[in-house]
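Numbering follows the working numbering, in which position 44 of the sequence shown is assigned residue number 462; successive positions increment by one, without gaps.
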Amino acid sequence: MPFQITDRRQARNPARQVCEYRINPTLVYNLDRLRDGLERTCGRNNFVVYGDIMQLTIRVETYQNKNLVAQLQTEGALRHQAAEELPQAVRDAIVANGWYQIQPHDQE
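This is the structure we're talking about:
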């Protein structure tokens with residue numbers, strides 16, 4: 419059986435995937451720290467964070483699927499253990515922002 423020749427353009431420019439990661443808001447120190455961690459890990463303006471005080475979802479455009487939550491915890495952007503209850507500052511920030519917590523180009 420002959421080997422399959424792949425398209426060179428596809429090999430040089432692999433398709434980006436959209437991955438979603440659900441996190442418990444009690445893992446969040448604050449939204450600015452989460453944003454900084456995501457910018458270091460995923461690149462600037464490659465992610466959206468949405469949700470409410472019950473659950474946050476991070477949507478990322480990436481070339482490879484990785485365990486983003488574990489990586490953010492290792493870098494210190496998220497807590498390793500969930501807090502007993504949602505800190506009041508995080509709760510207030512989430513409620514004030516509405517459904518979309520962090521969007522591309524919202525800090526420019």
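The beta-carbon is built from N, C-alpha and C at its ideal position, and this holds for glycine as well.
Can you tell me whether residue i is helix, strand or coil according to DSSP?
i, result
"L496", "strand"
"R387", "Past the boundaries of the shown model lies residue 387; the chain is included only from 419 to 526, so the question cannot be answered."
"R440", "strand"
According to the neighbour-count rule (16 or more other Cβ atoms, all chains shown, within 10 Å of its Cβ), is residue i buried or exposed?
i, result
"G455", "buried"
Can residue i and residue j be called in contact, C-beta distance under 7 Å?
i, j, result
"L474", "I441", "yes"
"I512", "I471", "yes"
"Y447", "V487", "no"
"L445", "L496", "yes"
Please confirm if residue i has its CB atom under 7 Å from at least one CB of chain D.
i, result
"W517", "Judged by its chain identifiers, the structure shown contains no chain D, having just a single protein chain."
Length at least 3, wholly inside the stretch 466-519: the beta strand (DSSP E) runs in chain order: Listed in chain order, the beta strand (DSSP E) runs fully inside the stretch 466-519 are 474-480, counting runs of at least 3 residues.
Sufficient close CB pairs (3 or more, under 8 Å) joining the stretch 498-508 to the stretch 460-469: no
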